[in-house]
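Protein chains in written order, with the working numbering: chain A, 1 to 221; chain B, 222 to 442.
No residue lacks a Cβ here, since even glycine has one placed at the ideal position from N, Cα and C.
Protein chains: 2
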Amino acid sequence: MVEDEERLAETVRRGLTDAGFVVELVHDGEDALWAATEHSYDVIVLDIMLPKVNGYKVLEQLRGRGVWTPVLMLTAKDGEYDQTDAFDLGADDYLTKPFSFLVLVARLRALIRRGGPERPVVLVAGDLTLDPARRRVERSGEEIALTPREYGLLEFLLRHRGDTVSKMEILESVWDPAFDGDPNVVEVYIRYLRLKLDAPFGRHAIETVRGMGYRLDSDGG
Amino acid sequence: MVEDEERLAETVRRGLTDAGFVVELVHDGEDALWAATEHSYDVIVLDIMLPKVNGYKVLEQLRGRGVWTPVLMLTAKDGEYDQTDAFDLGADDYLTKPFSFLVLVARLRALIRRGGPERPVVLVAGDLTLDPARRRVERSGEEIALTPREYGLLEFLLRHRGDTVSKMEILESVWDPAFDGDPNVVEVYIRYLRLKLDAPFGRHAIETVRGMGYRLDSDGG
DNA sequence: CAGGTCGCTGAGAGGGCGCTGAGAGCCGTT
DNA sequence: AACGGCTCTCAGCGCCCTCTCAGCGACCTG
Chain A
1 MVEDEERLAE
11 TVRRGLTDAG
21 FVVELVHDGE
31 DALWAATEHS
41 YDVIVLDIML
51 PKVNGYKVLE
61 QLRGRGVWTP
71 VLMLTAKDGE
81 YDQTDAFDLG
91 ADDYLTKPFS
101 FLVLVARLRA
111 LIRRGGPERP
121 VVLVAGDLTL
131 DPARRRVERS
141 GEEIALTPRE
151 YGLLEFLLRH
161 RGDTVSKMEI
171 LESVWDPAFD
181 GDPNVVEVYI
191 RYLRLKLDAP
201 FGRHAIETVR
211 GMGYRLDSDG
221 G
Chain B
222 MVEDEERLAE
232 TVRRGLTDAG
242 FVVELVHDGE
252 DALWAATEHS
262 YDVIVLDIML
272 PKVNGYKVLE
282 QLRGRGVWTP
292 VLMLTAKDGE
302 YDQTDAFDLG
312 ADDYLTKPFS
322 FLVLVARLRA
332 LIRRGGPERP
342 VVLVAGDLTL
352 DPARRRVERS
362 GEEIALTPRE
372 YGLLEFLLRH
382 RGDTVSKMEI
392 LESVWDPAFD
402 GDPNVVEVYI
412 RYLRLKLDAP
422 FGRHAIETVR
432 GMGYRLDSDG
442 G
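And the structure:
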């Protein structure tokens with residue numbers, strides 16, 4: 001683990017040890033590079049903001065030296081780099097500070113077990129979140145109750161957020177590939193979602209692309 | 222790999238082979254186009270300065286032909302093109318000469334690992350971009366709302382950018398092969414596009430070729 | 001300069017697409 | 001059996017998109 005904030009580092013270290021991990025802790029980028037090159041770890045937890053050499057550089061260097069140990073990056077929410085950068089740089093997973101300790105453990109176990117990335121479990125678009133595991137939808141932290149159909153539709157839109165998806169695509173994925181009813185159902189359910197997701201918050205996350213279909217804004221409208 | 226400097230090419234080839242890659246080497250843009258179109262590679266290393274057809278043209282042609290193999294471009298430090306161009310044209314990564322061999326290997330591995338999911342299928346002409354998947358059009362980073370017809374017309378022009386296309390060709394492709402209405406529709410829609418794409422930006426991406434048809438500037442006007 | 005052709009432009013009619021409210025069918029629960 | 005929730009159908013409506021048309025200007029030719 002590479003982390004320079006002492007209190008946070010010590011807390012996490014103790015927690016991980018209790019959870020059964022053997023933890024080695026270094027405090028800056030230089031030590032991180034040396035340790036990771038010389039030793040072999042199951043997984044590396046790497047903070048971005050570090051003394052001497054930042055996390056970004058550390059990762060780049062490691063990959064450059066052929067070190068392919070799975071890396072979980074810790075990113076500050078308002079940092080200069082964001083999650084996208086983390087993935088682009090070859091990180092296998094990331095967490096945004098502040099993070100839930102239990103989530104950290106889960107992600108680390110996943111990385112070790114698979115030897116590969118576990119994509120973030122929660123789908124996000126702006127202040128709109130959908131957690132498939134808990135089947136829970138929130139907007140601005142407020143839970144929103146959805147029927148199964150509404151939920152399926154929203155999940156589909158979120159998984160294609162930013163893309164324009166046609167009514168036919170939606171019907172085939174959310175309804176049935178052999179659905180032969182009135183395609184107007186989609187419009188009706190889009191409306192239901194808008195009534196629950198947009199209207200109470202004065203936003204418009206779901207955009208109509210006339211003649212083409214619908215599009216969910218990446219930034220949540 | 223596409224590289225014309227023999228010594229560099231041979232060095233890199235040997236290194237990549239040692240690192241476990243199977244390498245095919247061609248020396249100019251023409252061979253590159255042929256090889257990349259006929260065969261299927263995990264990743265393409267493409268130099269910019271090449272005999273016959275330069276790297277940019279090669280990339281442009283490949284993307285135009287629907288070849289979406291990841292491409293890593295090699296750019297000269299003081300070259301007339303820079304990295305921004307590389308990304309704009311649809312390169313997936315780039316390295317500036319001289320480059321660290323280990324970094325090259327790392328980047329190639331990253332490109333191969335990343336593989337399929339997030340490939341930008343974007344048509345570009347200067348500062349004008351069209352993303353078919355997202356059905357999104359931007360000029361200078363600013364999104365532009367188009368109706369289906371306008372969008373279809375612009376997509377057609379972009380796919381033939383640099384070429385002069387006749388009104389009849391346009392009618393057959395964008396409208397209907399059996400369209401028998403007033404060909405003046407094309408002029409009308411060209412106008413709509415100009416009003417949305419050119420006028421607000423003081424440019425003229427769409428050129429009229431009197432007696433022949435229309436032409437979209439490759440560099441966006 | 002006159003005449004013709006081609007492209008540009010503004011206005012407007014028509015239709016198609018998406019939105020909406022109501023309600024019927026189906027299911028599980030009480 | 002009655003009720004409520006969910007799903008889907010349907011038909012009306014309003015707006016945006018599409019296309020037509022006619023006048024005008026630009027360009028070429030004699």
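Legend entry - Backbone CA spacing between residue 216 of chain A and residue 112 of chain A [nearest angstrom]: The residue you call residue 216 of chain A lines up with position 216 of the first sequence. The residue you call residue 112 of chain A lines up with position 112 of the first sequence. Rounded to the nearest angstrom, the two C-alpha atoms are 34 Å apart.
Inset, instruction - Give the secondary structure of residue 424 of chain B by DSSP, where H, G and I count as helix, E and B as strand, and everything else as coil. - result: Here residue 424 of chain B refers to the residue found at position 203 of the second sequence. It is coil, neither helix nor strand.
Inset, instruction - Please work out which residues of its chain come closer than 6 Å, Cβ to Cβ, to residue 373 of chain B, disregarding the five sequence neighbours upstream and downstream, and give them in chain order. - result: On the second sequence, position 152 is the one that residue 373 of chain B refers to. Correct list, in chain order: 395.
Inset, instruction - Grab the span of the beta strand (DSSP E) containing residue 352 of chain B for me, first residue to last. - result: Sequence index remark: in the second sequence, residue 352 of chain B carries index 131 (1-based). Start and end: 349-352.
Inset, instruction - Would you mind sorting residue 398 of chain B into buried or exposed? The rule is 16 or more other CB atoms within 10 Å of its CB. - result: Your numbering for residue 398 of chain B matches position 177 in the second sequence. Exposed, since its Cβ has fewer than 16 Cβ neighbours within 10 Å.
Legend entry - C-beta atoms of residue 69 of chain A and residue 35 of chain A nearer than 8 Å: Numbered from its first residue, the first sequence carries residue 69 of chain A at position 69. Numbered from its first residue, the first sequence carries residue 35 of chain A at position 35. No, the pair does not count as a contact, with Cβ atoms beyond the cut-off.
Inset, instruction - Kindly say whether residue 164 of chain A, judged by its beta-carbon, lies nearer than 8 Å to any beta-carbon of chain B. - result: Here residue 164 of chain A corresponds to residue number 164 of the first sequence, with the count starting at 1. Interface residue, yes.
Legend entry - Distance, residue 93 of chain A Cα to residue 270 of chain B Cα: By one-based count along the second sequence, residue 270 of chain B stands at place 49. By one-based count along the first sequence, residue 93 of chain A stands at place 93. Using only the alpha carbons, I get a separation of about 37 Å.
Inset, instruction - Helix, strand or coil for residue 75 of chain A, going by three-state DSSP, please let me know. - result: For the purposes of this step, residue 75 of chain A is taken as the residue at position 75 of the first sequence. Correct three-state label for residue 75 of chain A: strand.
Inset, instruction - Thinking residue 2 of chain A and residue 47 of chain A are a contact (beta carbons under 8 Å), I'd like their distance in whole angstroms, please. - result: Residue mapping note: residue 2 of chain A aligns to position 2 of the first sequence, counting from 1. Residue mapping note: residue 47 of chain A aligns to position 47 of the first sequence, counting from 1. Yes, residue 2 of chain A and residue 47 of chain A are in contact; Cβ-Cβ is about 6 Å, under 8 Å.
Inset, instruction - With DSSP as the reference, please indicate the residues paired to residue 265 of chain B in a beta bridge. - result: Looking up residue 265 of chain B in the second sequence gives position 44. Residue 265 of chain B pairs with B:292.
Inset, instruction - Determine, using beta-carbon pairs with one atom in the segment 409-422 of chain B and one in the segment 354-369 of chain B, whether at least three such pairs fall under 8 Å. - result: yes
Legend entry - Cβ separation of residue 265 of chain B and residue 292 of chain B, assumed to be a contact under 8 Å, to the nearest whole Å: Residue mapping note: residue 265 of chain B aligns to position 44 of the second sequence, counting from 1. Residue mapping note: residue 292 of chain B aligns to position 71 of the second sequence, counting from 1. Indeed they touch by this definition, with Cβ atoms about 5 Å apart.
Legend entry - Neighbour flag for residue 211 of chain A against chain B, beta carbons, 8 Å: Translated into the one-based positions of the first sequence, residue 211 of chain A becomes position 211. Cβ-Cβ to chain B under 8 Å: yes for residue 211 of chain A.
Legend entry - Three-state class that DSSP yields for residue 2 of chain A in the structure shown: One-based indexing of the first sequence puts residue 2 of chain A at position 2. Residue 2 of chain A: strand per DSSP, three-state reduction.
Inset, instruction - Tell me residue 209 of chain A's beta-bridge partners as DSSP assigns them. - result: One-based indexing of the first sequence puts residue 209 of chain A at position 209. Partner(s): A:213.
Inset, instruction - Check whether the Cβ of residue 369 of chain B lies closer than 8 Å to any Cβ atom in chain A. - result: Position 148 of the second sequence, counted from the first residue, corresponds to residue 369 of chain B. It does: the Cβ of residue 369 of chain B has a partner Cβ on chain A nearer than 8 Å.
Inset, instruction - Could you tell me whether any Cβ in chain B is nearer than 8 Å to the Cβ of residue 36 of chain A? - result: Position 36 of the first sequence holds residue 36 of chain A. At a cut-off of 8 Å, the C-beta of residue 36 of chain A has no neighbouring C-beta in chain B.
Inset, instruction - Check each candidate in A:165, A:41, A:154 and A:107 and name the one with the smallest Cα separation from residue 129 of chain A. - result: On the first sequence, position 129 is the one that residue 129 of chain A refers to. Among A:165, A:41, A:154 and A:107, the Cα nearest to that of residue 129 of chain A belongs to A:154.
Inset, instruction - Using a threshold of 8 Å, state whether the C-beta atoms of residue 274 of chain B and residue 245 of chain B are closer than that. - result: For the purposes of this step, residue 274 of chain B is taken as the residue at position 53 of the second sequence. For the purposes of this step, residue 245 of chain B is taken as the residue at position 24 of the second sequence. Going by C-beta atoms, residue 274 of chain B is not nearer than 8 Å to residue 245 of chain B.
Inset, instruction - Compare the beta carbon distance of residue 346 of chain B and residue 367 of chain B with 8 Å and say whether it is the shorter of the two. - result: Here residue 346 of chain B refers to the residue found at position 125 when the second sequence is read from its first residue. Here residue 367 of chain B refers to the residue found at position 146 when the second sequence is read from its first residue. No, the pair does not count as a contact, with Cβ atoms beyond the cut-off.
Inset, instruction - Give a yes or no on whether the minimum CB-CB distance between residue 63 of chain A and chain B is below 8 Å. - result: Position 63 of the first sequence, counting from 1, holds the residue named residue 63 of chain A. Taking Cβ atoms only, chain B reaches closer than 8 Å to residue 63 of chain A, which makes this a yes.
Legend entry - Interface residues of chain A facing residue 356 of chain B [CB-CB closer than 9 Å]: Here residue 356 of chain B refers to the residue found at position 135 of the second sequence. Within 9 Å Cβ-Cβ: 163, 164, 209, 212, 213 and 215.
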